[in-house]
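>
Numbering (my numbering), first residue to last: 412 to 618.
(1) If you draw a straight line from the alpha carbon of residue 521 to that of residue 608, how long is it in whole angstroms?
(2) Contact defined as beta carbons within less than 8 angstroms: I believe residue 452 pairs with residue 488. What is the distance between those atoms, to the nearest angstrom?
(3) Compute the distance between the beta-carbons of residue 482 and residue 457, then report whether it is under 9 angstroms.
(4) Residues in the same chain with beta-carbon distance under 7 angstroms from residue 459, minus the five sequence neighbours each way, listed in chain order, please.
(5) Going by DSSP in three states, residue 417 sits in which element: helix, strand or coil?
(6) So, for residue 552: in the same chain, excluding its five sequence neighbours on each side, which residues have a beta-carbon less than 8 angstroms away from its beta-carbon?
(7) With H, G and I counted as helix, E and B as strand and the rest as coil, what does DSSP make of residue 644?
(8) Answer with buried or exposed for residue 416, where buried requires no fewer than 16 other C-beta atoms within 10 angstroms of its C-beta.
(9) What's the C-alpha gap between residue 427 and residue 433?
(10) Throw me the rounded Cβ distance for the residue 624 and residue 571 pair, which I believe falls under 8 angstroms.
(11) Compute the Euclidean distance between the alpha carbons of residue 592 and residue 448, then round it to the nearest angstrom.
(12) Smallest Cα separation from residue 610: which of 574, 565 and 577?
(13) Grouping DSSP H, G and I as helix and E and B as strand, with all else coil, what is residue 412?
(14) Could you please give the first and the last residue of the uninterrupted alpha helix (DSSP H) stretch that includes residue 497?
(15) Give me the Cα-Cα distance between residue 492 and residue 541, rounded to the nearest whole angstrom.
(16) Just mark residue 595 as buried or exposed, buried being the case when its beta carbon has 16 or more other beta carbons within 10 Å.
(17) Tell me the rounded alpha-carbon separation between residue 588 and residue 543.
(18) Just verifying my parser: in three-state terms, what is the DSSP assignment at residue 551?
(19) Helix, strand or coil, according to DSSP, for residue 587 in the structure here?
(20) Does residue 506 pass the burial test, meaning 16 or more other C-beta atoms within 10 Å, or should it be called exposed?
(21) Quick one: is residue 517 buried, meaning 16 or more other Cβ sit within 10 Å of its Cβ, or exposed?
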C-alpha cells in the first residue's frame, strides 16, 4: 500500500532511489544487523544533536556548533546504545516474553514487553549512555559521573516515560522484530534533541 501510494504521487526517479536505498538497508540489516543498527543509531544521534545545537543552542548556550559534541553523541550511540538495544530486543526480551517476536502479538504480550522495557531496560540503558558521555566529555574523569546521574537521570527518564510507552505499543504490536530498532531510532529522533541537551548540560555544580 505504501509503495502504491508513493508510485501514484511521487516522481519515478525519487521512488526508484528510495526503493533502492530501502532494499539495500534491509539487505544490510539481515546480513549485519548489529553493524547496521549501530550506524543508523549513530547517525540519528549525531543529527539530533546538530539540530539541538543549531536551533536551541550550542555549548553553554552559545550559537557556535560544537562538532566534537555531536560526534561524541554519535559514538556513544553506536558503541553503547545500539548494541544494548540489539541484544535486548533481539535476544533477551524474546526469552522473557513468549511470542514477543510475533507480528501482531497478543495485547497481554505487548503490554508485558512495554512494561519490562520501560521499567528494566530503559533506565539502565540511559544511565549507561549518560555515564559514558560524561566520561568522554571529561576525558576519563569519573568523579562527576555519580553527580551527573543524580542530576540528569530522572529528568531524562521523565521524558522517556512520556514518549516511549506509547511508541512501543505500536512497535511491539505491529512492527516485525528485525525493524524494531529502526522504528525505535526514528521515534527517538525528536526525543534525542531533548536528550542531547540534558546529556550535555554545562558542568555547573557537578564538581
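Beta carbons: idealized from backbone N, C-alpha and C, even for Gly.
If we stick to the structure as given:
(1) 31 angstroms
(2) 4 angstroms
(3) Cβ distance < 9 angstroms, so residue 482 and residue 457 count as in contact.
(4) 600, 603, 604 and 607
(5) Confidence in residue 417 is poor, its pLDDT being 47 and thus under 50, which makes the residue's placement unreliable; the coordinate value appears in the next sentence. Here residue 417 sits in helix by DSSP.
(6) Within the same chain, residue 552 has close Cβ partners 546.
(7) The structure shown does not extend to residue 644, since the chain is modelled only from 412 to 618, so the question has no answer here.
(8) Interpretation of residue 416 is limited by its pLDDT of 45, a score under 50 that renders its predicted location unreliable; the figure taken from the coordinates is listed afterwards. Residue 416 is exposed by the Cβ-count criterion.
(9) 10 angstroms
(10) Because the chain spans 412 through 618 in this model, residue 624 falls outside it and cannot be assessed.
(11) 7 angstroms
(12) It is 565 whose Cα lies nearest to the Cα of residue 610.
(13) Low confidence applies to residue 412: its pLDDT is 42, below 50, so where it sits in the model is not reliable enough to give any reading.
(14) 493-498
(15) Distance between the alpha carbons of residue 492 and residue 541: 10 angstroms.
(16) buried
(17) 28 angstroms
(18) coil
(19) coil
(20) Result: exposed.
(21) exposed
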